[in-house]
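Undergrad:
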Amino acid sequence: MVCPRAGIILFPRLKDAVVNSGSLGLGLVFQLKMENDLGLNLQEKQAIVAEVNEQVTQAQTIVLAEYRGIAVSDITKLRATARKSGVYFRVLKNTLARRAVQGTPFEVLAEKMVGPLIYSISADPVAAAKIVHEFAKTNGKLVIKAGAMVGSLMSAEQVAVLAAIPSRNELIARLMATMNAATSTFVRGLAAIRDKKEAETAAA
1 MVCPRAGIIL FPRLKDAVVN SGSLGLGLVF QLKMENDLGL NLQEKQAIVA
51 EVNEQVTQAQ TIVLAEYRGI AVSDITKLRA TARKSGVYFR VLKNTLARRA
101 VQGTPFEVLA EKMVGPLIYS ISADPVAAAK IVHEFAKTNG KLVIKAGAMV
151 GSLMSAEQVA VLAAIPSRNE LIARLMATMN AATSTFVRGL AAIRDKKEAE
201 TAAA
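Its first residue numbered 1, the sequence shown is counted upward by one per residue in the UniProt record's numbering.
(1) For residue 151, is the classification buried or exposed, using 16 other Cβ atoms within 10 angstroms of its Cβ as the cut-off for buried?
(2) Quick one: using the 10 Å Cβ neighbour count with 16 as the cut-off for buried, is residue 61 buried or exposed?
(3) If you reduce the DSSP assignment to three classes, tell me which class residue 118 lands in.
(4) With distances taken Cα to Cα, identify the nearest neighbour of residue 93 among 147, 161, 160 and 46.
(5) Is it true that the region 124-133 meets the region 153-162, where meeting means three or more beta-carbon pairs spaced less than 8 angstroms apart?
(6) For residue 49, which residues in the same chain have their Cβ closer than 7 angstroms to its Cβ, ignoring the five residues on either side in sequence?
(7) Return the chain-ordered ranges of every alpha helix (DSSP H) run that is complete within the region 69-141 and spans a minimum of 4 residues.
(8) Does residue 155 pass the burial test, meaning 16 or more other C-beta atoms within 10 Å, or should it be called exposed?
(9) For residue 153, list the residues DSSP reports as bridge partners.
(10) Is residue 146 closer than 7 angstroms to residue 64 when the C-beta atoms are compared?
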């Protein structure tokens with residue numbers, strides 16, 4: 001639906017619109033104000049719970065971060081970074097998030113689901129923590145509230161410790177670099193032996 005005077009697009013899912021569109025501009029404040037007034041119908045709620053639950057069942061880590069006052073452009077950048085790192089990133093109604101984690105190892109997070117939260121979910125044990133932590137270091141309006149790793153509840157401080165650990169992709173990159181370096185050394189060694197033998201043969 002479009003407001004004819006302001007040209008502002010109004011979405012049924014205002015939280016998701018704020019995070020996912022990246023083009024709301026002047027409509028942001030109005031949409032956040034209306035967020036609690038426009039509810040989702042039952043079918044929409046069920047679809048969201050099913051989508052998030054699917055991510056949760058494959059996850060190793062979930063991180064919750066509060067985003068009060070953060071700019072849409074900043075959230076859009078964070079979302080893009082999360083996508084590149086394979087992190088499922090979404091603003092959710094906490095009631096729906098609680099349903100999504102119910103009966104899973106991440107149910108321990110239910111009591112921490114309070115306030116306007118961004119949910120970061122990753123199959124990589126480190127990725128979700130790293131993405132949110134790195135962003136929060138340069139944007140004080142994003143505050144890590146809690147996290148969980150396969151059923152173990154984590155404080156914000158523990159999330160920061162987890163974020164300092166190299167991710168799976170980083171470890172693979174390091175391994176490949178080491179292997180490439182070793183291969184190059186080996187090839188150079190073979191070439192040196194070949195050149196020496198050729199020189200000896202020529203001298204003889």
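No residue lacks a Cβ here, since even glycine has one placed at the ideal position from N, Cα and C.
TA: Checking against the coordinates, here is how it stands:
(1) Translated into positions along the sequence shown, residue 151 becomes position 151. Burial call: exposed.
(2) Residue numbering aside, residue 61 sits at position 61 when the sequence shown is read from its first letter. Buried, by the Cβ-count rule.
(3) Along the sequence shown, one-based indexing puts residue 118 at 118. Three-state result, residue 118: strand.
(4) By 1-based counting over the sequence shown, the position of residue 93 is 93. With distances taken between Cα atoms, residue 93 lies closest to 46.
(5) yes
(6) If you number the sequence shown from 1, residue 49 lands on position 49. Counting only Cβ-Cβ distances below 7 angstroms, and skipping sequence neighbours, we find 96, 99 and 100.
(7) 72-84, 94-101 and 127-136
(8) The count along the sequence shown starts at 1 and reaches residue 155 at position 155. It counts as exposed.
(9) For the purposes of this step, residue 153 is taken as the residue at position 153 of the sequence shown. Per DSSP, 148.
(10) For the purposes of this step, residue 64 is identified with residue 64 of the sequence shown, where counting begins at 1. For the purposes of this step, residue 146 is identified with residue 146 of the sequence shown, where counting begins at 1. Cβ atoms of residue 64 and residue 146: closer than 7 angstroms.
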